[in-house]
Amino acid sequence: MSVVFQAEDAPVASRHEYWQHLMHQMLVPMDLRLTEPGFRGRVVAGDAGAAQIFELSITAGEAVRTPRLIRRSDPGLCKIDVSVAGETLIEQDGRQAMLAPGDFAFVDLSRPARWVNTAPARVVAVSFPRALLPLRHRDLGTLTGTRVPGTGGPGALISSLARQLPGQLDGMGAAAHRLGGAVLDLLTAVFAARLDRPGDASRDARHRALLLRVHAYIDARLGDPGLTPGRIAAAHHISVRHLYTLFEAQGTSVAEWIRLRRLDRARADLLDPALRARPVSAIAARWGFPNAAHFNRVFRAVHGEPPGEFRARTGNGPAGTVTDR
1 MSVVFQAEDA
11 PVASRHEYWQ
21 HLMHQMLVPM
31 DLRLTEPGFR
41 GRVVAGDAGA
51 AQIFELSITA
61 GEAVRTPRLI
71 RRSDPGLCKI
81 DVSVAGETLI
91 EQDGRQAMLA
101 PGDFAFVDLS
111 RPARWVNTAP
121 ARVVAVSFPR
131 ALLPLRHRDL
141 GTLTGTRVPG
151 TGGPGALISS
161 LARQLPGQLD
171 GMGAAAHRLG
181 GAVLDLLTAV
191 FAARLDRPGD
201 ASRDARHRAL
211 LLRVHAYIDA
221 RLGDPGLTPG
231 RIAAAHHISV
241 RHLYTLFEAQ
251 GTSVAEWIRL
261 RRLDRARADL
271 LDPALRARPV
281 SAIAARWGFP
291 NAAHFNRVFR
301 AVHGEPPGEF
311 RARTGNGPAG
321 TVTDR
């Protein structure tokens, strides 16, 4: 985990704007509306496999994910927000969840949502691709905007694990991937129980265990343009049809998943100051996009701007240039 934003390190006049840029870069675009003068906040971030972990400390205010912002950028993410200190109100799909420390709520970032803090608060957020939850999309809409108590049952396990992740993630290596998977397994069990289908959790957990192995295999080979469904299926001793079914059950496809993972890695390189001299086309080729024009199109479709403009806006372009697009 590393500190990616500390309000005190930025000029007062630009803190608000920088925070919004940071949320766009690391998660999704949001509108931040302050309820008191000035802005104080801190973000610590890290990866746990396909999940991203954020510890956010923020002043009183309101964040909104609007339909306009969703149209601008929708990478297909969900997250849970676990309250650590203070109270946080989360509103989605006409429901409101008031979180006290230990409680958490599920948020689908492809749908409008609102977060309100009337006083300074601290939250641990775990974000992940929606496709990783082995539940039907229509069911996810019944889970948003509801409080999950962190005082007992699987909810307490999720809350405790999530709150400990920021302090335990560093130096874990491959074990961090398994921790992210453990959180998602627990979420699957909690949500299946809430949907009154506990039997689904056992069956789906087996499917998701296979899917996580497939994800790890794909992640290790993203730079290989020859990565195909046939190769992936053969490596896991399953048919290509079974592989397609695993992904289709979660509303995505093998090709789409590979494309999004490659884009995630390319985006991380574009944000890396150590790689600021490397051309966009070289970064694209590194992550399995040998055709630069194709990379530009798919990057813009997901992130709302060409990779060169994204890099220049975040301040990581080569000095004195706008960067190639």
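Going by the UniProt record's numbering, the first residue of the sequence shown is number 1, and it counts up by one from there.
Beta carbons: idealized from backbone N, C-alpha and C, even for Gly.
Keep in mind it's a predicted model, so treat the numbers as computed, not measured.
Using a Cβ distance threshold of 8 Å, L69 and M26 do not count as a contacting pair.
Restricting attention to alpha helix (DSSP H) runs no shorter than 4 residues, the stretch 65–100 encloses them at 67–72, ordered along the chain. The three-state reading of DSSP puts G41 in strand, counting E and B together. Three or more beta-carbon pairs separated by less than 8 Å link the stretch 110–128 to the stretch 75–92, which places the two stretches in contact. With contacts defined by Cβ atoms closer than 8 Å, G145 and R95 form a contacting pair.
With respect to the C-alpha of A7, the residue from R33, P129, L56 having the closest C-alpha is L56.
In this model, A285 and L227 are separated by some 14 Å (Cα to Cα). Scanning the stretch 125–163 from its first residue to its last, the whole alpha helix (DSSP H) runs of 4-plus residues come out as 137–140.
With contacts defined by Cβ atoms closer than 8 Å, L195 and G288 do not form a contacting pair. With fewer than 16 other CB atoms across the displayed protein chains lying within 10 angstroms of its CB, D170 is exposed. Sequence-distant partners of V148 (beyond 5 residues in either direction) whose C-beta falls short of 7 Å from its own C-beta, in its chain, are D103, F104, A105, G155, V190. In the same chain as V240, and ignoring 5 residues on each side of it, the C-beta atoms closer than 7 Å to its own belong to P229, G230, A233, in chain order. When secondary structure is reduced to three states using DSSP, W19 falls in the helix class. Counting along the chain, L56 sits inside the beta strand (DSSP E) bounded by residues 51–58.
Relative to the Cα of L143, the nearest Cα in the group P290, R300, L187, A182 belongs to L187. The C-beta separation of A162 from V126 comes to about 6 Å, placing the pair in contact by the 8 Å criterion. Judged by DSSP secondary structure, A113 falls within the beta strand (DSSP E) whose first and last residues are 113–117. Excluding sequence positions up to five before and after T314, its CB lies within less than 8 Å of the CB of H21, Q25, L270, L271, all in the same chain and listed in chain order.
Counting only unbroken stretches of 4 or more residues, the alpha helix (DSSP H) elements lying wholly within the UniProt domain "HTH araC/xylS-type" (212–313) are 229–235, 240–248, 254–270, 280–286, 292–303, 307–313, in sequence order. Here V12 is exposed: its Cβ has fewer than 16 other Cβ atoms, across all protein chains shown, within 10 Å.
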